[in-house]
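Here is the structure we will look at.
Protein chains: 2
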Amino acid sequence: MRSKSFEGMVCPIAGALSAIGDRWALLILRDLLAGISRYDDFRRSSGVTNATLSDRLKHLEGAGLIERRRYQTGPDRYEYALTSKGRDIAALMPVLAELGDRWGVSGAAEPPLRFVNRATGAAVRPGFIDQETGQPVSAGDVKVMEGPGADDVTRWRLSHRRRHAPEEAPSA
Amino acid sequence: MRSKSFEGMVCPIAGALSAIGDRWALLILRDLLAGISRYDDFRRSSGVTNATLSDRLKHLEGAGLIERRRYQTGPDRYEYALTSKGRDIAALMPVLAELGDRWGVSGAAEPPLRFVNRATGAAVRPGFIDQETGQPVSAGDVKVMEGPGADDVTRWRLSHRRRHAPEEAPSA
DNA sequence: TATCTTAACTCTCATTATCAGAGTCAAGAA
DNA sequence: TTCTTGACTCTGATAATGAGAGTTAAGATA
Numbered sequence: 000m001r002s003k004s005f006e007g008m009v010c011p012i013a014g015a016l017s018a019i020g021d022r023w024a025l026l027i028l029r030d031l032l033a034g035i036s037r038y039d040d041f042r043r044s045s046g047v048t049n050a051t052l053s054d055r056l057k058h059l060e061g062a063g064l065i066e067r068r069r070y071q072t073g074p075d076r077y078e079y080a081l082t083s084k085g086r087d088i089a090a091l092m093p094v095l096a097e098l099g100d101r102w103g104v105s106g107a108a109e110p111p112l113r114f115v116n117r118a119t120g121a122a123v124r125p126g127f128i129d130q131e132t133g134q135p136v137s138a139g140d141v142k143v144m145e146g147p148g149a150d151d152v153t154r155w156r157l158s159h160r161r162r163h164a165p166e167e168a169p170s171a
Numbered sequence: 000m001r002s003k004s005f006e007g008m009v010c011p012i013a014g015a016l017s018a019i020g021d022r023w024a025l026l027i028l029r030d031l032l033a034g035i036s037r038y039d040d041f042r043r044s045s046g047v048t049n050a051t052l053s054d055r056l057k058h059l060e061g062a063g064l065i066e067r068r069r070y071q072t073g074p075d076r077y078e079y080a081l082t083s084k085g086r087d088i089a090a091l092m093p094v095l096a097e098l099g100d101r102w103g104v105s106g107a108a109e110p111p112l113r114f115v116n117r118a119t120g121a122a123v124r125p126g127f128i129d130q131e132t133g134q135p136v137s138a139g140d141v142k143v144m145e146g147p148g149a150d151d152v153t154r155w156r157l158s159h160r161r162r163h164a165p166e167e168a169p170s171a
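As C-alpha cells, this is what we get:
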C-alpha cells in the first residue's frame, strides 16, 4: 500500500524496514524510547504533520510495535507505548546516532546524545560480538554470507562479491 | 526537498536518516554491500522503479555515501561504489537483519543472511560494547542521556522519561 | 451563560512523489 | 538490418505529503 511492494521479498532488512515504515516512524520510535507517549508531544518533538503522524501511528500499531491505550475516559484520551516487540528497535538507535555524529549531520558540533552503561555510567558503543568467544569483533572482520533461508535472489545478490571489482583488494 | 524538513533538527538519528534518504536507498546500500554496483542489477535486486532508483542514486551521491564512476567509454557506462563514508552503514545492516529475523518478517522460515567473523567463521551478532571495560553490555543496560551537543528540544524530549508512566517499574 | 483551553484527531486542498512502462542512445553481435 | 546491452529519461495516472482549519467533549475561567 504505502509505496511499492517490499512484500514477497526474502530479506530480513527489507522486512524490518517494511515493519517500521519510514523515517517519520523511526522518529516516533525514537521519541517513544525517549519517553514521549502522546500525540501532541510527537507533533512537537518532530514537527510531523497530523496526517502523517496519524497514519504512522496506525501503521506501527498494525505492525505490533506500539499499542494505543486509553489513559482517561470522558473525553477519551489515548497514548501510545512500545510493545516488547517495539522495544527491539532500541538496538537501532545508537547505531543511527553514531552514523549521524560521524557524518557530521547531527545538527550540533558535539553529540546531542550519549549512550551509557546504566550501571556504571561508562560510554557504550554499538559493535559486534563473536558468538563463540563472547568478545567484540571489529566491523571490518564481519562478513555477510547466505543463511539457511536464502533464496535464489539472495544468493544471486551475494554472488556479486568480486565479480565486477578487479580493483578491490582480493583478500580473504 | 524530499518530504518535509528534517533540516535544522538537532538529532543524529534524524541526520543519519536524512543522509540515507529512505527505504529504497537502504536497499541500494544493502545491495552495494553485497557487491552489486550496476544500475540494472539494482533494479533486478529490489524491483525499484527507474525514477526512484535514479533519484536515490543521485541523493546518495549527493550525500557522499556513494560515487558514480565510468567503467567504460564509448558508450559510456557507469557503476556505483560505496565511499568510505558510505561503508559506515555496514554497521546498520546486521541490526536491521536481526530485527527482521526476530519479527518474522524476513520472508523465510530461517535467516536468509548470516553475519560471521571473517577470520573464524563464527557467528557474529550486533551488540553494545562498554568503552571502559571493552566488554559487551546487554541491551537492557544501555541508557540514553543528553550529550554535550544537546539542545532544548533534545532535553525536553529526554525529560519525558517517567513523567506520564507511573506503571513502569521505577528502577535505576 | 459564554468563551477558552487541552488533547487527539479528521478533513480539505494544493503540491510532490511514486509506479508502470515506453522511449533513447551508442556500440557490438547475429 | 535487426537485436541486445546498459544506463538512463519521459510520460501520465495514482498515491502520499505538507499546511492548516475544523471537530469533539469536559473542565477551567470570566
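So the sequences go chain by chain: X and U. So for the first sequence, numbering that gives the first Met the number 0 puts the first residue at 0; every next one is plus one. So for the second sequence, numbering that gives the first Met the number 0 puts the first residue at 0; every next one is plus one. We treat Cβ as the ideally placed atom computed from N, Cα and C, and that holds for glycine.
Considering just the uninterrupted stretch of the alpha helix (DSSP H) at I12 of chain X, what are its terminal residues? P11 to I19
Have a look at U:Y70, U:D54 and U:L157 and flag the residue whose alpha-carbon is nearest the alpha-carbon of I19 of chain U. U:D54
Is the beta carbon of K142 of chain U closer than 9 Å to that of V115 of chain X? yes
Does the region 81–96 of chain X touch the region 4–21 of chain U, meaning 3 or more C-beta pairs lie closer than 8 Å? yes
CB contact flag (G46 of chain U, M8 of chain X, <9 Å): yes
Selection of the region 114–130 of chain U by Cβ proximity to chain X, strictly under 8 Å: F114, V115, N116, R117, A118, T119, A121, A122, V123, R124, P125, G126, F127, I128, D129 and Q130
What number of angstroms, rounded off, separates the C-alpha of R42 of chain X from the C-alpha of R43 of chain U? 38 Å
Exposure label - D151 of chain U; buried when at least 16 CB within 10 Å: exposed
Please tell me whether S36 of chain U has its Cβ less than 9 Å away from any Cβ of chain X. yes
Helix, strand or coil for P147 of chain X, going by three-state DSSP, please let me know. coil
Which parts of the region 82–107 of chain X are runs of the alpha helix (DSSP H), unbroken and 4 residues or longer, counting only runs that do not cross its ends? 83–86 and 91–101
Excluding sequence positions up to five away, which residues of its chain have a Cβ less than 7 Å from the Cβ of L59 of chain U? G20, A24, I27 and I65
Which residue marks the beginning of the alpha helix (DSSP H) containing F41 of chain U, and which one marks its end? Y38 to S45
What residue range does the beta strand (DSSP E) around E109 of chain U cover? Counting along the chain, E109 of chain U falls outside any beta strand (DSSP E), and DSSP gives it neither H nor E.
Tell me the DSSP bridge mates of F127 of chain X? X:V136 and U:P125
Under 7 Å (Cβ pairs) to chain X, residues found in the region 56–77 of chain U: none
Go to R29 of chain U, then tell me how far its alpha helix (DSSP H) extends in each direction, as first and last residue. R22 to A33
Per DSSP, what kind of secondary structure is A80 of chain U in: helix, strand or coil? strand
Distance, Cα to Cα, Y79 of chain U vs Q71 of chain U? 13 Å
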